[in-house]
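There are 4 protein chains.
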Amino acid sequence: MAESNAILLISCIDRPGIIARVAGHLYQLGCNIITSDQHSDAEDGHFFWRIHFESLKLPIAELARELDASVPSLLPWEHLHWRLYDGARRDRVVIMVSRLAHCMMDLLSRHWFGEFDGDIAGVISNHRNLETLAQPFGVPFQVIEVSKANKAAAEQALLERLEALNADTVVLARYMQVLSGDFLQAWSKPIVNIHHSFLPAFAGSRPYKQAHDRGVKLIGATAHYVTEELDAGPIIAQDTIAISHRDTVADLTRKGRDLEVAVLARAVRAHLNKQVLTHNNRTIVFE
Amino acid sequence: MAESNAILLISCIDRPGIIARVAGHLYQLGCNIITSDQHSDAEDGHFFWRIHFESLKLPIAELARELDASVPSLLPWEHLHWRLYDGARRDRVVIMVSRLAHCMMDLLSRHWFGEFDGDIAGVISNHRNLETLAQPFGVPFQVIEVSKANKAAAEQALLERLEALNADTVVLARYMQVLSGDFLQAWSKPIVNIHHSFLPAFAGSRPYKQAHDRGVKLIGATAHYVTEELDAGPIIAQDTIAISHRDTVADLTRKGRDLEVAVLARAVRAHLNKQVLTHNNRTIVFE
Amino acid sequence: MAESNAILLISCIDRPGIIARVAGHLYQLGCNIITSDQHSDAEDGHFFWRIHFESLKLPIAELARELDASVPSLLPWEHLHWRLYDGARRDRVVIMVSRLAHCMMDLLSRHWFGEFDGDIAGVISNHRNLETLAQPFGVPFQVIEVSKANKAAAEQALLERLEALNADTVVLARYMQVLSGDFLQAWSKPIVNIHHSFLPAFAGSRPYKQAHDRGVKLIGATAHYVTEELDAGPIIAQDTIAISHRDTVADLTRKGRDLEVAVLARAVRAHLNKQVLTHNNRTIVFE
Amino acid sequence: MAESNAILLISCIDRPGIIARVAGHLYQLGCNIITSDQHSDAEDGHFFWRIHFESLKLPIAELARELDASVPSLLPWEHLHWRLYDGARRDRVVIMVSRLAHCMMDLLSRHWFGEFDGDIAGVISNHRNLETLAQPFGVPFQVIEVSKANKAAAEQALLERLEALNADTVVLARYMQVLSGDFLQAWSKPIVNIHHSFLPAFAGSRPYKQAHDRGVKLIGATAHYVTEELDAGPIIAQDTIAISHRDTVADLTRKGRDLEVAVLARAVRAHLNKQVLTHNNRTIVFE
Numbered sequence: 304m305a306e307s308n309a310i311l312l313i314s315c316i317d318r319p320g321i322i323a324r325v326a327g328h329l330y331q332l333g334c335n336i337i338t339s340d341q342h343s344d345a346e347d348g349h350f351f352w353r354i355h356f357e358s359l360k361l362p363i364a365e366l367a368r369e370l371d372a373s374v375p376s377l378l379p380w381e382h383l384h385w386r387l388y389d390g391a392r393r394d395r396v397v398i399m400v401s402r403l404a405h406c407m408m409d410l411l412s413r414h415w416f417g418e419f420d421g422d423i424a425g426v427i428s429n430h431r432n433l434e435t436l437a438q439p440f441g442v443p444f445q446v447i448e449v450s451k452a453n454k455a456a457a458e459q460a461l462l463e464r465l466e467a468l469n470a471d472t473v474v475l476a477r478y479m480q481v482l483s484g485d486f487l488q489a490w491s492k493p494i495v496n497i498h499h500s501f502l503p504a505f506a507g508s509r510p511y512k513q514a515h516d517r518g519v520k521l522i523g524a525t526a527h528y529v530t531e532e533l534d535a536g537p538i539i540a541q542d543t544i545a546i547s548h549r550d551t552v553a554d555l556t557r558k559g560r561d562l563e564v565a566v567l568a569r570a571v572r573a574h575l576n577k578q579v580l581t582h583n584n585r586t587i588v589f590e
Numbered sequence: 304m305a306e307s308n309a310i311l312l313i314s315c316i317d318r319p320g321i322i323a324r325v326a327g328h329l330y331q332l333g334c335n336i337i338t339s340d341q342h343s344d345a346e347d348g349h350f351f352w353r354i355h356f357e358s359l360k361l362p363i364a365e366l367a368r369e370l371d372a373s374v375p376s377l378l379p380w381e382h383l384h385w386r387l388y389d390g391a392r393r394d395r396v397v398i399m400v401s402r403l404a405h406c407m408m409d410l411l412s413r414h415w416f417g418e419f420d421g422d423i424a425g426v427i428s429n430h431r432n433l434e435t436l437a438q439p440f441g442v443p444f445q446v447i448e449v450s451k452a453n454k455a456a457a458e459q460a461l462l463e464r465l466e467a468l469n470a471d472t473v474v475l476a477r478y479m480q481v482l483s484g485d486f487l488q489a490w491s492k493p494i495v496n497i498h499h500s501f502l503p504a505f506a507g508s509r510p511y512k513q514a515h516d517r518g519v520k521l522i523g524a525t526a527h528y529v530t531e532e533l534d535a536g537p538i539i540a541q542d543t544i545a546i547s548h549r550d551t552v553a554d555l556t557r558k559g560r561d562l563e564v565a566v567l568a569r570a571v572r573a574h575l576n577k578q579v580l581t582h583n584n585r586t587i588v589f590e
Numbered sequence: 304m305a306e307s308n309a310i311l312l313i314s315c316i317d318r319p320g321i322i323a324r325v326a327g328h329l330y331q332l333g334c335n336i337i338t339s340d341q342h343s344d345a346e347d348g349h350f351f352w353r354i355h356f357e358s359l360k361l362p363i364a365e366l367a368r369e370l371d372a373s374v375p376s377l378l379p380w381e382h383l384h385w386r387l388y389d390g391a392r393r394d395r396v397v398i399m400v401s402r403l404a405h406c407m408m409d410l411l412s413r414h415w416f417g418e419f420d421g422d423i424a425g426v427i428s429n430h431r432n433l434e435t436l437a438q439p440f441g442v443p444f445q446v447i448e449v450s451k452a453n454k455a456a457a458e459q460a461l462l463e464r465l466e467a468l469n470a471d472t473v474v475l476a477r478y479m480q481v482l483s484g485d486f487l488q489a490w491s492k493p494i495v496n497i498h499h500s501f502l503p504a505f506a507g508s509r510p511y512k513q514a515h516d517r518g519v520k521l522i523g524a525t526a527h528y529v530t531e532e533l534d535a536g537p538i539i540a541q542d543t544i545a546i547s548h549r550d551t552v553a554d555l556t557r558k559g560r561d562l563e564v565a566v567l568a569r570a571v572r573a574h575l576n577k578q579v580l581t582h583n584n585r586t587i588v589f590e
Numbered sequence: 304m305a306e307s308n309a310i311l312l313i314s315c316i317d318r319p320g321i322i323a324r325v326a327g328h329l330y331q332l333g334c335n336i337i338t339s340d341q342h343s344d345a346e347d348g349h350f351f352w353r354i355h356f357e358s359l360k361l362p363i364a365e366l367a368r369e370l371d372a373s374v375p376s377l378l379p380w381e382h383l384h385w386r387l388y389d390g391a392r393r394d395r396v397v398i399m400v401s402r403l404a405h406c407m408m409d410l411l412s413r414h415w416f417g418e419f420d421g422d423i424a425g426v427i428s429n430h431r432n433l434e435t436l437a438q439p440f441g442v443p444f445q446v447i448e449v450s451k452a453n454k455a456a457a458e459q460a461l462l463e464r465l466e467a468l469n470a471d472t473v474v475l476a477r478y479m480q481v482l483s484g485d486f487l488q489a490w491s492k493p494i495v496n497i498h499h500s501f502l503p504a505f506a507g508s509r510p511y512k513q514a515h516d517r518g519v520k521l522i523g524a525t526a527h528y529v530t531e532e533l534d535a536g537p538i539i540a541q542d543t544i545a546i547s548h549r550d551t552v553a554d555l556t557r558k559g560r561d562l563e564v565a566v567l568a569r570a571v572r573a574h575l576n577k578q579v580l581t582h583n584n585r586t587i588v589f590e
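Chains as they are written, first to last, in the working numbering: chain V, 304 to 590; chain W, 304 to 590; chain X, 304 to 590; chain R, 304 to 590.
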């Protein structure tokens with residue numbers, strides 16, 4: 304008798320009885336719900352549900368086959384999307400970074416502390432300067448240099464490296480290159496980016512300089528999924544910190560590091576926990 | 304055919320199938336779940352559930368009779384407690400206050416803005432100085448003076464006033480008298496208090512003075528249910544704010560007002576929304 | 304021998320010896336510095352100084368005449384601006400408001416608590432609905448209706464009312480009309496506005512709707528001085544609060560009220576304390 | 304002609320003319336004040352001053368000799384304490400740690416980023432498990448094992464190691480041993496500790512367990528100077544973070560890591576910047 308955990312994400316048009324039907328069916332299959340989080344979008348009537356449960360009778364693989372057959376008839380409604388995640392399978396994350404160490408170091412440290420429900424499969428950088436810092440964590444560090452001339456080739460190498468690492472998710476931990484639309488389509492899996500402003504304010508380059516010039520009293524950081532439109536994808540997490548007239552751009556950069564690290568870690572954690580659903584370029588985050 | 308809202312709070316020993324049983328039963332009764340929040344206490348295996356639903360077929364009164372009959376057999380387990388709240392019935396709150404206006408003014412203002420799912424039935428004070436401020440809100444203001452000599456009589460008058468106002472909940476909005484154990488037993492319904500420290504630090508009197516003397520870098524506020532042990536009841540909400548060496552006790556008092564107001568309002572709102580369950584002198588708050 | 308307080312604000316090009324010269328001169332005049340805050344702008348070499356002192360020998364009026372004669376020769380440098388504020392003179396503030404009560408109520412309450420170093424001389428609204436709420440505070444409430452047709456006449460009436468109230472500062476406490484460039488030039492004294500977003504994000508109308516549509520995870524509020532360019536004046540204070548996918552535009556409006564109130568009060572307080580200097584469309588805030 | 308920076312910390316009984324005298328004297332010596340922060344304790348009339356200046360004429364060593372001679376006659380008042388810090392001399396910090404990596408990793412990372420005005424001279428632990436993680440930072444890692452039996456000898460070894468490293472400051476970065484009064488007297492220089500609660504709440508051992516048991520809605524962290532009384536020394540920095548009923552003790556431990564790291568870094572930074580003065584078991588922090 305297998306005892307194991309799984310997460311079920313469901314979205315569809317909201318109709319009475321969804322919870323009763325699915326909870327009843329899971330119960331009959333010998334599943335015990337551990338946590339359940341739901342959301343209804345009041346504007347377009349979509350329903351979103353995350354169920355974390357343990358399967359007391361069936362192995363998850365068998366349960367998955369059963370649900371493949373039963374869910375569409377249980378929820379015969381428009382816009383049905385659902386996916387079962389086996390709790391025993393850990394996502395493989397690849398960190399991409401340029402010269403700045405803080406986000407990479409933070410993610411590697413948290414992984415080392417056991418904070419993430421996933422594994423860091425590798426680090427890829429367009430520079431070599433952080434290799435030594437990454438070494439104690441036992442994660443392969445590969446340099447793929449990028450220049451205007453070799454961009455297409457570099458993205459091809461990147462793609463191959465991601466496939467070789469069997470990556471599920473890419474995290475741009477202050478990676479300073481813009482990924483092309485061609486790359487995004489070829490890769491097709493989630494990419495989480497950290498932008499060092501409170502988006503949509505100060506999109507684009509040098510946001511701390513922009514913030515200083517405008518004279519704002521807070522700086523921010525935004526973790527979002529990457530889409531083809533720069534700095535415009537679904538936002539997963541954001542935070543701000545107070546600044547004052549005393550703070551130079553260098554001070555903002557220093558204070559911002561703490562913010563970037565915290566916001567990115569929160570987003571990566573939620574993503575790996577399968578707590579994030581996207582809908583109309585927004586996210587539902589079941590933290 | 305009545306269409307109406309209700310909230311169902313359930314707690315019992317956690318067993319597989321609780322959600323399936325109750326959700327299935329509610330569905331059969333024509334109810335549609337709007338939000339559902341649950342919690343399992345990992346230490347003692349208790350399960351807590353708050354369901355907000357609309358009853359599409361039965362009037363709430365009829366539904367209540369049905370659940371009276373069916374819930375105990377649906378959930379035949381130890382420690383079962385459950386209660387149905389009719390969404391059409393608004394709780395009646397009585398504010399108790401002494402000389403300081405800020406918490407009373409904030410609660411009356413929020414009520415006026417329509418923030419609370421409840422009504423403020425009256426204000427009771429042991430002083431008359433705030434009567435004018437309360438006047439525009441159209442809420443009766445009554446003075447019940449308290450002295451060492453008349454304490455028992457004053458508490459009796461208080462009890463009668465609360466009954467006359469048909470009160471469900473008392474909010475101590477910086478009421479500077481300690482209510483006796485006799486009063487608490489006689490009244491028996493919820494009392495929410497705001498204490499101006501981050502409990503358990505600085506319980507008792509003059510917490511801002513205590514905080515200043517210790518040289519802490521934050522001050523706090525705590526909203527809690529009143530129990531017989533002073534400042535030791537279940538905590539509903541807390542927050543802190545940064546202070547510095549520049550702040551005198553008078554500055555702490557000023558900064559603390561904002562904190563007290565925010566924390567008390569949050570607690571009162573959660574309480575009136577039936578989002579708070581208590582267990583082992585702690586709270587589960589389904590915000 | 305008069306004993307009284309004053310605040311001296313100085314800005315000029317930074318040169319060695321400024322503090323020694325002015326502190327030495329004030330000492331010879333019998334003044335004792337209580338607090339001193341300074342800032343140098345690293346980019347353009349400007350120096351900003353706020354000195355709060357007590358004059359132990361001279362009455363402030365006499366001291367003012369002395370400084371009129373001596374400061375320009377003490378600090379014979381470019382871009383010198385300075386102003387002495389007599390601590391005995393309290394600024395007169397006029398609150399302008401439309402239909403929403405929260406900012407007006409908060410300012411009137413804080414004034415009633417004695418938090419502001421200034422007096423509220425009156426409230427002006429383009430609607431009558433808040434008159435009752437303002438009444439207990441003993442502040443005159445005047446309605447000046449504004450329509451497309453009468454805008455110029457209304458602004459003329461507003462100007463006359465501000466002069467009749469002998470106002471020093473106007474606070475737009477969710478006043479929903481845009482003041483014309485002509486009005487701003489005619490009035491010429493400070494106007495503090497609260498905008499319900501984290502500017503520069505979501506300038507213009509309906510910022511909570513804009514924030515909801517973009518799917519941000521924080522909402523903000525910004526208090527700034529009004530300039531002719533809408534929502535683009537020097538920022539005095541800002542803050543943000545976390546939101547989630549659960550929050551509708553109505554929830555953002557409710558949560559935003561607390562933020563608007565806190566940010567506006569902080570800005571008004573700093574302004575009345577003469578803690579705010581402006582420079583290149585930014586502020587130095589000596590809190 | 305030397306051009307260099309220094310920080311002057313002064314405390315004494317508050318008297319009119321302190322700023323004029325010292326600022327005038329520094330000006331005559333060819334010094335230009337960059338920042339100046341002051342504080343008067345309203346209760347006992349003590350005055351605290353931090354001046355950051357550049358010496359445009361004299362080398363700092365020569366200036367120091369001049370001030371040794373002149374300061375006592377400039378400020379001939381009770382309780383005079385003052386100290387000049389040469390900006391060219393960087394403090395040497397030794398990190399002490401047990402098995403938990405997060406605080407050590409954070410301090411080493413920040414040092415690597417160049418955030419601290421000081422150098423990390425070494426790490427000392429009573430366990431070997433973190434040695435690999437510390438290696439890329441190029442800081443010597445030494446194990447000094449501690450047991451009940453060898454405590455006195457271990458503290459003697461510790462003292463010798465600190466002297467060998469020429470340490471100015473010790474940072475207890477989750478070092479799980481209590482240092483004896485004998486050690487504290489022998490060492491006599493500053494020790495900064497991080498305690499994982501909002502002191503004075505939950506002093507002593509297992510504060511996250513204590514916090515969970517009490518049902519608080521925030522957890523905190525406190526950085527303080529170590530004194531002979533456990534967890535009772537002058538507080539340098541504190542912060543809190545919201546928690547909920549969902550959080551187990553393990554969750555508090557995880558969330559608390561971020562808090563400990565942030566609060567400790569802030570305290571270490573302020574200490575190394577000579578921004579912290581202590582007075583009556585409280586701190587003045589000129590951030």
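For each residue, glycine too, the CB sits at the ideal point set by N, CA and C.
Item	Value
Alpha-carbon spacing of W:Met304 relative to W:Arg569, whole angstroms	Any answer about W:Met304 is weak, because its pLDDT of 35 lies below 50 and its placement is not dependable; what the coordinates show is given next. Approximately 35 Å between the Cα atoms of the pair.
Residues bridged to R:Thr472 (per DSSP)	R:Val396
Pick from X:Gly518, X:Ala545, X:Gly507, X:Gln541 that is closest to X:Asp534, judged by C-alpha positions	X:Gly507
Cβ-based neighbour list, R:Leu311, same chain, cut-off 6 Å, excluding 5 preceding and 5 following	Ile354, Leu387
Closer than 9 Å at the beta carbon, the chain X residues around W:Ser412	Ala404, His405, Met408, Asp409, Ser412, Leu436
Residue ranges of each alpha helix (DSSP H) within the segment 313-395 of chain R, 4 or longer	321-331, 363-377
The segment 553-573 of chain R / the segment 491-508 of chain R touching (three or more Cβ pairs under 8 Å)	yes
C-alpha gap between V:Glu381 and W:Val374, whole angstroms	33 Å
Where the segment 533-567 of chain X meets chain W: residues whose CB sits under 8 Å from a CB there	Arg557, Arg560, Asp561, Ala565
CB contact flag (R:Glu463, R:Ala457, <8 Å)	no
Environment of X:Asn432 [buried if 16+ CB atoms lie within 10 Å]	exposed
Per DSSP, the bridge partner or partners of X:Ile544	X:Ile522
Residues near V:Ala367 by beta carbon distance below 6 Å, same chain, minus five either side	Leu387
Whole-number beta carbon distance between V:Gly536 and V:Thr543, since they are thought to touch under 8 Å	With 8 Å as the limit, V:Thr543 and V:Gly536 do not qualify as a contact, their Cβ atoms being about 19 Å apart.
X:Trp357 at chain W interface by Cβ criterion, 8 Å	The identity of residue 357 of chain X in the sequence shown is Glu, whereas the question assumes Trp. For X:Glu357, the answer is no, since every Cβ of chain W falls outside 8 Å of its Cβ.
Inter-residue spacing [alpha-carbon to alpha-carbon] between X:Arg557 and X:Leu383	45 Å
Touch test, the segment 574-590 of chain W against the segment 341-359 of chain W, Cβ-Cβ under 8 Å, three pairs minimum	yes
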